[in-house]
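Novice: I'd like to ask some things about the structure below.
Protein chains in written order, with the working numbering: chain A, 1 to 341; chain B, 1001 to 1330.
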């Protein structure tokens, strides 16, 4: 197929601009619920998402990737920072204005079993957004739901059925149909395939790609499966302990990762090829992820970094653009070291 | 084949579950052999019978509703399926150990991690408390728990996910088993922790010459770890062979599809993924013929009538497909 036409993002319209986003969850203790600390789930995250692209957001469990997605869409109220979507700062919007805004940003969730109400028929589930926003009468709604189901590759006759009658992959399609009901610009996909079997994952990923092409959608694709993220994303942001440590084009990231964490993460992915696996050198990280309630001083990654130096335990590295479009937060990756290479 | 004795020989193993919806044919006629020091990867998607086949070997199937309907599991010349419960208990843990996917639910939350490992040592090895404790600290150190002498008195909730899985491995290793069955031991873990665990198992295997059966849905993990692979679908082994053969030269359409549905490492990243149409079958009342036939691009009328059995397609490489000579990767 004509895949040669690269993402039509020559114009590079910024659809979503996230700046200094923080989400702290307070830790309270005792009878008076004294505030004794914070879980810094998202700690000063900034990035842009361009119209029509897919931004991959990867990281291990507890790195804050899901919280980032949820805070953008204001399921969680941000602790600080700005989320500017189509030129409007979401953080300053009132509840009813935000409600309008949510029409153009939707989310699909990881667990296809928990994200659909078991007591509602597919017609009701997929048609609910239309009902909530009073966009269609009953007949129109039916028609639109039939169309949406067709779009995601389900038989429109299934609309009278209930979620338990569907498999995981089919349910994920229903969730996708629901998110498409209001013609959104941006869909935040929160681990949409990680609960599915390998052969079904490919089906859903292909569907996401087809829909993007057809409807001009923009995705934030949150996942821990780096090989799938590589496949679907145009750019990728790597998170570690609440912060983005590296952000760049997909090909640059996988070909030449700069941050030591990205390097370790990429080397840890098992490759489905025994010949490559035999000769591969792994960077094995020691230890576990520190608690986001008590992150280490200095660089977040200093407790596990194979290249740690004194400065890493003292100062937090800035998230800087080391080469055009390639951002990294490490003391030892600077524009100067880049030009040397 | 008759002369050499295999460490483990599974013959026509068949396991069913009698449920309200009907009989679930979870494992159908599974046969293979394992030699000392082998690493076998068992691959397949959820519900393909890979875990149930392992639980059947360990005789950990709950009966009823389960039933090991037929077959033999010959371990060191004895059929495990015919052993008395008492004799089986002596095999389990001591000679064949199993570690599970979810380390949180397989550890007892109200007992210390150390106690749970010591328990096995005292029971199987007849050690006294002091020497069992000493050995436990050694084992925990071996699997990379820092400050094991202190951490031995921790409760499972004080361990992280990766540490719990390490503790489970320590428990599995405690009685020097000949076979370690690992049922998706890294699925719940992050990739960097997974890499640590795989590295650990490889080193331990090297050191103790253990035989490992590694059950997973992740073809990447198998590629790096196993020497032989069994691919399962709907309760059957549909392809089996040396790992490099299977990846380079798969002969069953399902294996081809599975490999094709993974994003490639390097190279054409924007190419469309190959996807197998349809869904895995319901194991209640499987229709006759090849279970993969409805999803298969090579299907012929024969596939819906007769079930193919494993036949040789290369050296030590077998596939169960009527059209196996036509199947090509890519």
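All C-beta atoms in this analysis are idealised placements derived from N, C-alpha and C, irrespective of residue type, glycine included.
Hey, which unbroken runs of the alpha helix (DSSP H) at 4 residues or more fall wholly within the region 223-297 of chain A?
Specialist: With a minimum length of 4 residues, the continuous alpha helix (DSSP H) runs that stay inside the region 223-297 of chain A are 226-232, 250-255, 260-268, 274-279.
Novice: Which of helix, strand or coil does DSSP assign to residue 1240 of chain B?
Specialist: Translated into the one-based positions of the second chain, residue 1240 of chain B becomes position 240. Residue 1240 of chain B falls in the strand class under three-state DSSP.
Novice: Look at the Cβ atom of residue 1247 of chain B, then the Cβ atom of residue 273 of chain A, and state whether they are nearer than 8 Å.
Specialist: Your numbering for residue 1247 of chain B matches position 247 in the second chain. Your numbering for residue 273 of chain A matches position 273 in the first chain. Yes, the pair counts as a contact, with Cβ atoms nearer than the cut-off.
Novice: So the candidates are A/47, A/98, A/52; which of them puts its Cα closest to the Cα of residue 65 of chain A?
Specialist: Counting from 1 along the first chain, the entry for residue 65 of chain A is found at position 65. Considering only alpha carbons, the answer is A/47.
Novice: Would you say residue 330 of chain A faces chain B, with C-beta separation under 8 Å as the test?
Specialist: Indexing the first chain from 1 puts residue 330 of chain A at position 330. False, the Cβ-Cβ gap to chain B never drops below 8 Å.
Novice: Let's test the definition: count the other Cβ atoms within 10 Å of the Cβ of residue 1324 of chain B and tell me whether it reaches 16, buried, or not, exposed.
Specialist: Position 324 of the second chain, counting from 1, holds the residue named residue 1324 of chain B. Buried, because 16 or more other Cβ atoms sit within 10 Å of the Cβ of residue 1324 of chain B.
Novice: From residue 235 of chain A to residue 244 of chain A, what distance separates their C-alpha atoms?
Specialist: Within the first chain, numbered from 1, the residue matching residue 235 of chain A stands at position 235. Within the first chain, numbered from 1, the residue matching residue 244 of chain A stands at position 244. Cα to Cα, the separation comes out at about 13 Å.
Novice: Can you check whether the CB of residue 1173 of chain B is closer than 8 Å to the CB of residue 1139 of chain B?
Specialist: Translated into the one-based positions of the second chain, residue 1139 of chain B becomes position 139. Translated into the one-based positions of the second chain, residue 1173 of chain B becomes position 173. Yes, Cβ-Cβ distance for residue 1139 of chain B and residue 1173 of chain B is below 8 Å.
Novice: Considering only the alpha carbon of each residue, which of A/195, A/107, A/36, A/21 lies closest to residue 27 of chain A?
Specialist: For the purposes of this step, residue 27 of chain A is taken as the residue at position 27 of the first chain. Comparing Cα positions, the closest option is A/36.
Novice: Measure from the C-beta of residue 105 of chain A to each C-beta in chain B and report whether the shortest distance is under 8 Å.
Specialist: Working through the first chain from its first residue, we reach residue 105 of chain A at position 105. Not closer than 8 Å to any Cβ of chain B, the Cβ of residue 105 of chain A fails to qualify, so no.
Novice: Within 8 Å (strictly less), CB to CB, does residue 1274 of chain B reach chain A?
Specialist: Counted from its first residue, the second chain places residue 1274 of chain B at position 274. It does: the Cβ of residue 1274 of chain B has a partner Cβ on chain A nearer than 8 Å.
Novice: Name the one or two DSSP bridge partners that residue 1015 of chain B has.
Specialist: As a working mapping, residue 1015 of chain B is identified with position 15 in the second chain. Note: residue 1015 of chain B sits in a beta bridge opposite B/1027, B/1068.
Novice: Ignore the nearest five residues each way along the sequence and tell me which others in residue 24 of chain A's own chain have a CB closer than 6 Å to its CB.
Specialist: Here residue 24 of chain A refers to the residue found at position 24 when the first chain is read from its first residue. Only 38, 40, 79 meet the Cβ criterion.
Novice: Considering only DSSP beta bridges, list what residue 186 of chain A is partnered with.
Specialist: Position 186 of the first chain, counting from 1, holds the residue named residue 186 of chain A. Paired residues: A/105, A/218.
Novice: Hey, would you say residue 185 of chain A sits closer than 8 Å to residue 15 of chain A, going by beta carbons?
Specialist: Residue 185 of chain A sits at position 185 when you count from the first residue of the first chain. Residue 15 of chain A sits at position 15 when you count from the first residue of the first chain. For residue 185 of chain A and residue 15 of chain A, yes; Cβs fall inside 8 Å.
Novice: Counting only beta-carbon atoms, is residue 1279 of chain B nearer than 8 Å to chain A?
Specialist: Numbered from its first residue, the second chain carries residue 1279 of chain B at position 279. Closer than 8 Å to some Cβ of chain A, the Cβ of residue 1279 of chain B qualifies, so yes.
Novice: May I ask you to verify whether the region 43-62 of chain A touches the region 216-223 of chain A, counting CB pairs closer than 8 Å and requiring at least 3?
Specialist: Yes: at least three Cβ pairs fall under 8 Å.
Novice: Using the rule of at least 16 other Cβ atoms within 10 Å of the residue's Cβ for burial, across every protein chain shown, is residue 1203 of chain B buried or exposed?
Specialist: Stepping through the second chain from its first residue, residue 1203 of chain B is reached at position 203. Label assigned to residue 1203 of chain B: exposed.
Novice: How many Å lie between residue 1087 of chain B and residue 1027 of chain B at the Cα?
Specialist: Here residue 1087 of chain B refers to the residue found at position 87 when the second chain is read from its first residue. Here residue 1027 of chain B refers to the residue found at position 27 when the second chain is read from its first residue. Rounded to the nearest angstrom, the two C-alpha atoms are 24 Å apart.
Novice: Tell me, to the nearest whole angstrom, how far the beta carbon of residue 1189 of chain B is from that of residue 1219 of chain B; I am working on the premise that it is less than 8 Å.
Specialist: Position 189 of the second chain, counted from the first residue, corresponds to residue 1189 of chain B. Position 219 of the second chain, counted from the first residue, corresponds to residue 1219 of chain B. Residue 1189 of chain B to residue 1219 of chain B, Cβ: 17 Å. No contact.
Novice: Would you call the region 319-338 of chain A and the region 53-69 of chain A in contact, with 3 or more CB pairs under 8 Å?
Specialist: Short answer: they don't touch.
Novice: Between A/240, A/74, A/199, A/130, which lies nearest to residue 1273 of chain B when the distance is taken from Cα to Cα?
Specialist: The residue you call residue 1273 of chain B lines up with position 273 of the second chain. Checking every option, the nearest Cα to that of residue 1273 of chain B belongs to A/199.
Novice: Could you tell me the boundaries of the alpha helix (DSSP H) in which residue 1106 of chain B lies?
Specialist: By 1-based counting over the second chain, the position of residue 1106 of chain B is 106. From DSSP, the alpha helix (DSSP H) with residue 1106 of chain B extends over 1103-1106.
Novice: Given this structure, state the Cα-to-Cα distance separating residue 254 of chain A from residue 281 of chain A, to the nearest angstrom.
Specialist: Against the first chain, residue 254 of chain A aligns to sequence position 254. Against the first chain, residue 281 of chain A aligns to sequence position 281. In a straight line, the C-alpha of residue 254 of chain A is about 16 Å away from that of residue 281 of chain A.
Novice: Looking at C-alpha atoms only, which residue of A/63, A/262, A/109 is the closest neighbour of residue 73 of chain A?
Specialist: Residue mapping note: residue 73 of chain A aligns to position 73 of the first chain, counting from 1. Comparing Cα-Cα distances from residue 73 of chain A to each of A/63, A/262, A/109, the minimum goes to A/109.
Novice: What are the residues that DSSP puts in a beta bridge with residue 1230 of chain B?
Specialist: To locate residue 1230 of chain B, count along the second chain from 1; it is residue 230. Paired residues: B/1042, B/1240.
Novice: With a cut-off of 8 Å, does the C-beta of residue 1154 of chain B fall near any C-beta of chain A?
Specialist: Here the question's residue 1154 of chain B lines up with position 154 in the second chain. Cβ-Cβ to chain A under 8 Å: no for residue 1154 of chain B.
Novice: Can you tell me where the alpha helix (DSSP H) with residue 313 of chain A in it begins and where it stops?
Specialist: For the purposes of this step, residue 313 of chain A is identified with residue 313 of the first chain, where counting begins at 1. Counting along the chain, the alpha helix (DSSP H) containing residue 313 of chain A begins and ends at 310-314.
Novice: Roughly how many angstroms lie between the CA atoms of residue 1021 of chain B and residue 318 of chain A, to the nearest whole one?
Specialist: In the second chain, the residue the question calls residue 1021 of chain B occupies position 21. In the first chain, the residue the question calls residue 318 of chain A occupies position 318. Residue 1021 of chain B and residue 318 of chain A: Cα-Cα distance of roughly 59 Å.
Novice: Give the residues of chain A in contact with residue 1224 of chain B, contact being defined as C-beta atoms less than 7 Å apart.
Specialist: Translated into the one-based positions of the second chain, residue 1224 of chain B becomes position 224. Residues of chain A passing the Cβ test: 270, 277.
Novice: Helix, strand or coil, according to DSSP, for residue 1085 of chain B in the structure here?
Specialist: One-based indexing of the second chain puts residue 1085 of chain B at position 85. Note: residue 1085 of chain B maps to helix in three-state DSSP.
Novice: Going by beta carbon distance, what residues of the same chain come within less than 7 Å of residue 1056 of chain B, once the five residues before and after it are set aside?
Specialist: Position 56 of the second chain, counted from the start, is the residue given in the question as residue 1056 of chain B. Only 1013, 1015, 1027, 1068 meet the Cβ criterion.
Novice: Between the Cα of residue 1244 of chain B and the Cα atoms of B/1153, B/1295, B/1225, which residue gives the shortest distance?
Specialist: Locating residue 1244 of chain B in the second chain gives position 244, where the first residue counts as 1. Among B/1153, B/1295, B/1225, the Cα nearest to that of residue 1244 of chain B is on B/1225.
Novice: Whole angstroms is fine: what's the gap from residue 22 of chain A's alpha carbon to residue 1092 of chain B's?
Specialist: Reading the first chain from its first residue, position 22 is the one you call residue 22 of chain A. Reading the second chain from its first residue, position 92 is the one you call residue 1092 of chain B. Whole-angstrom Cα-Cα distance: 51 Å.
Novice: In this structure, does DSSP put residue 1251 of chain B in helix, strand or coil?
Specialist: Along the second chain, one-based indexing puts residue 1251 of chain B at 251. DSSP places residue 1251 of chain B in coil when its eight states are reduced to three.
Novice: With 8 Å as the C-beta to C-beta threshold (strictly closer), list the residues of the region 194-216 of chain A near chain B in chain order.
Specialist: Listed by position, the residues of the region 194-216 of chain A near chain B (Cβ gap below 8 Å) are 197, 198, 199, 200, 201, 202, 203, 205, 206, 209.
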